[in-house]
Amino acid sequence: MMTKISKDTYCDILCRFFDAHFLDAKCALEYQKDYELVIAVMLSAQAKDERVNAVDKILFKKYPNLKSLKDANINDIIDIIKPLGLAKTKANNIKMIASLLLDECGGVVPHDANYLLTLPGIGNKAKNVILIELFNDEEFPVDTHVYRVSYRLGLREETDDVIRCENKLRKFFSNHSYKKLHHQMIAFGRTICKAISPNCQNCELKDYCRYFKSR
Ligand code: SF4
4 MMTKISKDTY
14 CDILCRFFDA
24 HFLDAKCALE
34 YQKDYELVIA
44 VMLSAQAKDE
54 RVNAVDKILF
64 KKYPNLKSLK
74 DANINDIIDI
84 IKPLGLAKTK
94 ANNIKMIASL
104 LLDECGGVVP
114 HDANYLLTLP
124 GIGNKAKNVI
134 LIELFNDEEF
144 PVDTHVYRVS
154 YRLGLREETD
164 DVIRCENKLR
174 KFFSNHSYKK
184 LHHQMIAFGR
194 TICKAISPNC
204 QNCELKDYCR
214 YFKSR
């Protein structure tokens, strides 16, 4: 935080700003079934959500259930998901996730953080996204937008990794919905506080922004 105001006041300012501009922010990944979200989150590694949505439409139309994904020809999946990059690894992950969810979980994504972390391609951030979307858990996934915005707004230090950043965000916003703030910070990062050429001139938070003050 850059100005001399209390933590509570700053928290209030940020929450009011996010509610005023991004009240309806939500998950950009589209899914109909629980396992589709798991696969979509895995596919979104190093790929834009819009591209994942476009690819998923084709993938889940051709393979409409876990059994068909498990039995799918790997080269066919690779062809479909090629626009997302890392296609061979991701195709293997899709088949493995389908197989594990069918064989070990009765075809249902379990509400179990530790189990989710055992699925291929599912790391801590992906696990947290699944938990907030499918189970409304109070997790605070830190993606590239949340990480960047957190630094600029003084909510973490430059040397903090994503886990430390997540812990600081949890503490700072302890009385608020992590899920809502996660989506709001992503929306803010995508539309205003972009990685390159953020729209600082029109940003209501510039008085609190270390990036703005350092330019
Ligand atoms: S002033 Fe610029 S860098 Fe700072 S929060 Fe606003 S848009 Fe982001």
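Converting from the sequence shown to our numbering requires adding 3 to each position, the first position being numbered 1. Glycine residues also receive a C-beta, built at the ideal position from the N, C-alpha and C atoms.
Between His-185 and Val-149 the beta-carbon gap is near 6 Å, inside 8 Å, which marks them as a contact. A direct Cα-Cα distance of roughly 16 Å separates Gln-49 from Ile-81. If you draw a 10 Å sphere on the C-beta of Gly-192, you find 16 or more other C-beta atoms in it, and that means buried. Annotation for Glu-142: Asn-131, Leu-134, Ile-135, Tyr-181 place their beta carbon closer than 7 Å to its own, counting only its chain and skipping 5 residues before and after. For Arg-155, the Cβ falls inside the 7 Å cut-off from some heavy atom of the ligand SF4.
With contacts defined as CB atoms closer than 8 Å, Lys-98 and Leu-62 fail to qualify as a contacting pair. Scanning the segment 11 to 84 for uninterrupted alpha helix (DSSP H) segments of 4 residues or longer gives 37 to 46, 52 to 65, 69 to 74, 77 to 84, listed from N- to C-terminal end.
With the rule of 3 Cβ pairs closer than 8 Å, the segment 88 to 105 counts as touching the segment 115 to 129.
Its chain contains Val-44 as the residues whose beta carbon lies nearer than 6 Å to that of Ala-129, once the 5 sequence neighbours on both sides are disregarded; these appear in chain order. Segment contact: the segment 24 to 38 against the segment 103 to 115, three or more CB-CB distances shorter than 8 Å; contact assigned. Taking 7 Å as the cut-off, the C-beta of Tyr-214 counts as close to a heavy atom of the ligand SF4. Taking a 10 Å sphere around the C-beta of Asp-59, we find 16 or more other C-beta atoms and assign the residue as buried. In the three-state reduction of the DSSP assignment, Gly-192 falls in the helix class. Secondary structure of Ser-102 (DSSP, three-state): helix. DSSP, reduced to helix, strand and coil, places His-185 within a helical segment of the structure shown. Leu-172: member of the alpha helix (DSSP H) spanning 165 to 175, first to last residue.
The C-alpha of Leu-26 lies about 42 Å from the C-alpha of Asn-76.
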